[in-house]
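First to last, the protein sequences are chains C and Z.
If you count by this note's numbering, then the first sequence holds residues 7 to 291, one letter each, in order.
If you count by this note's numbering, then the second sequence holds residues 3 to 172, one letter each, in order.
Each remark here refers to the structure printed beneath this line.
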Amino acid sequence: MSDKNREGKRSARERMLEERAEQEARSRRNKKLVVGGAVLAVIAAAVVVGVVVQNQRSKPETPTAAPAGTIGDKNLIIPVGAPDAPSTLTVYEDPRCPACGIFERTFSPTVDQLEDAGKVFVNYHIVSFIDRSLGGSGSKYGANALGCAQNAGHFRDFHDVLYRNQPDETADTFGNKQALIDLGKQVPGLDNAEFQSCVNSNTFAGWVSAVQQDFDKSSFKSTPTVLLNGTPIYPKKGDEQISPENLVKWVDEANQGKQLGTPGSHGQSPAPTSTAAETNNPPSP
Amino acid sequence: MASQQAEHGRVSGFRRAVDGPAAEWFGLAVRLGLAVVWGWAGLAKVSDPAEAAQAVRAYEILPESLVKPVGWGLPFLELALAVLLVLGLGTRVVAVISAALLLVFIAGISSAWARGISIDCGCFGGGGTVDESQTTYLQEILRDTGFLLMSAWLIYRPRTKLSADAWLAA
């Protein structure tokens, strides 16, 4: 009898213990579910907030302000030479890209001659992606300074000075705005407060970003990318290596039987006077 | 018989190592290490949204409509994981998501390598097309595999010292 009683007691206690253990397990499970749910909610919220914030922070693909005289549907292109020239040379360059520096130092006299003869209309896309891989701001500030020079009607001269003084790719000299302003002093017409403030305030930063975003979406992956009437010619056109002589030859071949263009003042548009820049760029109210 | 006992000793030694306080301290180190990785990776991708988008676009995997949302959202996902790892909150869930994300990264890098395109993985900022001589696919995959092992440890043993999880369980 007493044995039976003891047995009953034990099983009652066991049952109680079991129940309590079950309860604890359930509450542990609930806690885990709550924590897991909170974690997923935090992550989802972070991603949504991130996308919204970055959307607001990103610069538009269509710039709100572009340098005077730029062309194309979003005003991303800097034109040099006669717009009615029979051939178009399209150049994508980054101010910090060493291959672009080599290209410019080798070809700019030839390109200038072709422009001045009304043989080519050159379209520059000043891109700025070297900063991404090497850090710094030389590509972006250099591109902005080129935009400032274009705005003042001195793109071609400043462009040539910039590439002649290009530092080593890893040195971020162009990230120093004063260095860009000092280079501007070598170009008659850029040694003034207007150019300096344009460089210092990074006036065309939005335009620079828009030009780069346009390049990002293009099928071109490296600089310099050089196209003659849409056909890539750098480093080769078909089997032929590019050289100043070959460039002239290819342009003449393409222009055969066509009327040459009439280049404006020194191949630059707007004409290199401060009034031209002002009339093309009315101050916003 | 003796060998069986030795075997048993080894196994329980392993058990002790994996379950004991030393393992929880080790788990803390792994957790904070992984937090630093995600924090660094996330912060490096926040400053320039266009660069982040281009890093994604360069893989040539996602359609253009998804390039920006992924490029913009990913760094914040990484930062959220970093914060949760520092807190030690929901460590197992966070470790599972970390491992899944790392598997996606490894798959993406492998795919780029296999297709012969030349890109920087953009793992810690940067990204986009690079010269063929500058690709470091193997190093990138090995590095992510290391991070994957860290995540795997935290999935296996999510109990770590100085964690919100431990505090909540107490």
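We put the CB at the ideal spot given by N, CA and C, even for glycine.
In this text, all values refer to a predicted model and were calculated from it rather than measured experimentally.
By Cβ distance below 6 Å, which residues in the same chain neighbour C:GLN202 in space, the five residues on each side in sequence not counted?
ILE187
The ligand MN and C:SER203: does any heavy atom of the ligand fall closer than 7 Å to the residue's C-beta?
As far as ligands go, the structure on display features none, and thus does not contain the ligand MN.
Own chain residues within Cβ distance below 7 Å of C:ASN287, not counting five before or after
At C:ASN287 the pLDDT is 37, less than 50, meaning the model places this residue with poor confidence; the figure from the coordinates comes in the next sentence. Hits under 7 Å: ALA74, ASN157.
Are any of the Cβ atoms in chain Z nearer than 8 Å to that of C:LYS183?
no
Cβ-Cβ distance between C:PRO92 and C:GLY212 below 8 Å:
no
Proximity test, Cβ basis, 8 Å: Z:GLY41 and chain C
no
Quick one: which chain C residues come within Cβ less than 7 Å of Z:PHE1?
The shown model of chain Z, from 3 to 172, leaves out residue 1 of chain Z, and the question about it has no answer.
I'd like to know if C:ALA282 contacts chain Z, where contact means its C-beta is closer than 8 Å to some C-beta of that chain.
Per-residue confidence for C:ALA282 stands at a pLDDT of 35, beneath the threshold of 50, marking its modelled position as unreliable; the derived number appears in the next sentence. No, its Cβ sits nowhere closer than 8 Å to a Cβ of chain Z.
Please confirm whether C:GLU99 and C:PRO241 have their CB atoms less than 8 Å apart.
no
Contiguous beta strand (DSSP E) assignments of at least 3 residues, all confined to the segment 89 to 115 of chain C
93 to 99
Just tell me which of Z:TRP27, Z:VAL106, Z:LEU79, Z:GLU26 has its CA closest to the CA of C:VAL55.
Z:LEU79
Could you spell out the range, first to last residue, of the beta strand (DSSP E) harbouring C:TYR130?
126 to 132
Where C:VAL193 falls: helix, strand or coil (DSSP):
coil
Got a sec: is the Cβ-Cβ distance from C:VAL41 to anything in chain Z below 8 Å?
yes
Taking contact to mean at least 3 C-beta pairs separated by less than 8 Å, is the segment 65 to 76 of chain Z in contact with the segment 114 to 122 of chain Z?
no
Reduced DSSP category for Z:ALA172 - H, G, I as helix; E, B as strand; rest coil
coil
Residue span of the beta strand (DSSP E) that contains C:VAL232, given as start and end:
231 to 234
Provide the residue span of the beta strand (DSSP E) that contains C:ILE84, from first to last.
84 to 87
Residues near Z:LEU89 by beta carbon distance below 7 Å, same chain, minus five either side
ALA166
Z:LEU170 at chain C interface by Cβ criterion, 8 Å
yes
Under 9 Å from the C-beta of Z:THR131: neighbouring residues of chain C
PHE135, LYS227, SER228
Mark C:ALA18 as exposed unless 16 or more other C-beta atoms lie within 10 angstroms of its C-beta, in which case mark it buried.
exposed
Quick one: what does DSSP say Z:GLY130 is sitting in, helix, strand or coil?
strand
Quick check on this structure: which residue in C:GLY244, C:ALA72, C:VAL214, C:ILE136 has the alpha carbon closest to the alpha carbon of C:THR176?
C:ILE136
Do C:VAL214 and C:ASN150 have their CB atoms nearer than 8 Å?
yes
What ranges does the alpha helix (DSSP H) occupy inside the segment 208 to 250 of chain C, keeping only unbroken runs of at least 4 residues that lie completely in it?
211 to 223
Which of the three DSSP states, helix, strand or coil, is assigned to Z:ILE108?
helix
Is the CB of C:ASN61 under 8 Å away from at least one CB in chain Z?
yes
Listing by chain order, which chain Z residues have their CB less than 8 Å from the CB of C:ILE132?
Neighbours of C:ILE132 on chain Z: none; closest Cβ ~15 Å, over 8 Å.
DSSP state of C:SER280, grouped into three classes?
Confidence at C:SER280 is low in this model, with a pLDDT of 38, below 50, so its placement is unreliable and the value that follows should be read with caution. DSSP places C:SER280 in helix when its eight states are reduced to three.
Within the 8 Å Cβ cut-off, does C:LYS80 reach chain Z?
no
Using the three-state DSSP reduction, which class does Z:CYS123 fall into: helix, strand or coil?
coil
What separation, rounded to the nearest whole angstrom, lies between the Cα atoms of Z:ALA116 and Z:THR138?
13 Å
Contact list for the segment 43 to 66 of chain Z against chain C, Cβ threshold 7 Å
PRO51, ALA52, GLU53, GLN56, ARG59
Who are the neighbours of C:ALA72 on chain Z, taking C-beta pairs under 8 Å?
Neighbours of C:ALA72 on chain Z: none; closest Cβ ~17 Å, over 8 Å.
Looking at the structure shown, is C:ILE77 part of a helix, part of a strand, or coil, going by DSSP?
strand
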